[in-house]
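When the letters of the sequence shown are read in order and numbered with this note's numbering, they come out as residues 383 to 526.
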Amino acid sequence: IGNIHHFRSARHLASWLGITPKEHSTGSKRRLGRISKQGDTDLRTLLIHGARSALCAALDRQNKGRELSHLQRWAVQRADTMHLGKASVALANKIARILWALWTRERTFWRRLRPAVSVARPGRDRINRRTRGAADLKQCETLI
Numbered sequence: 383i384g385n386i387h388h389f390r391s392a393r394h395l396a397s398w399l400g401i402t403p404k405e406h407s408t409g410s411k412r413r414l415g416r417i418s419k420q421g422d423t424d425l426r427t428l429l430i431h432g433a434r435s436a437l438c439a440a441l442d443r444q445n446k447g448r449e450l451s452h453l454q455r456w457a458v459q460r461a462d463t464m465h466l467g468k469a470s471v472a473l474a475n476k477i478a479r480i481l482w483a484l485w486t487r488e489r490t491f492w493r494r495l496r497p498a499v500s501v502a503r504p505g506r507d508r509i510n511r512r513t514r515g516a517a518d519l520k521q522c523e524t525l526i
């Protein structure tokens, strides 16, 4: 990465890494596509693999009824609504932005645990989320 101050914002770093979606907009419609895949391939790959590992660990913790951090809950919510690969890239994007913020402010990451809270959303059945989480966990196990 070099000098972190070359990036004006966390979005610029994520864009440089190639983990932001391409934009195909026309008029007033904003359409986001696949990730751009620009930047350092090895760094992007490592970041996505690390995010996938963290997501699988979060799904495992949730299925065992253990406490989740705020970031783990965020990742699990993404995995509930989208494919595991897409959720992994979203988590990698978030991790890259957190890294930019920590690096530019010269701070260390501090993980806070809070009790797991079940958030009821209209149109989503709690049982379906559990079975979806179990299916994602099985997919994680096949990746290992």
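Just so it is clear, CB atoms sit at the ideal spot from N, CA and C, and this is done for glycine as well.
Counting along the chain, H394 sits inside the alpha helix (DSSP H) bounded by residues 392–399. Boundaries of the alpha helix (DSSP H) around I480: 466–487.
By the neighbour-count criterion, in which 16 or more other beta carbons inside 10 Å mark a residue as buried, S470 falls on the buried side. Bounds of any alpha helix (DSSP H) do not take in H387, whose DSSP letter is neither H nor E. As the crow flies, the alpha-carbon of A433 is around 12 Å from that of W456. Going by DSSP, Q420 is part of no alpha helix (DSSP H) at all; its letter is neither H nor E. In this structure, the CA atom of K446 is about 47 Å from the CA atom of G409.
Sorting A483, R489, T490, E488 by C-alpha distance to the C-alpha of H394 places A483 at the top. In the three-state reduction of the DSSP assignment, T408 falls in the strand class.
A distance below 7 Å between beta-carbons, with the five flanking residues on each side excluded, links A396 to the following residues of its chain, in chain order: T402, N475, A478, R479. Measuring C-alpha to C-alpha distances from H406 to each of R416, Q420, G400 identifies R416 as the nearest.
Contact annotation, L450 with A440: C-beta distance approximately 6 Å; criterion of less than 8 Å satisfied.
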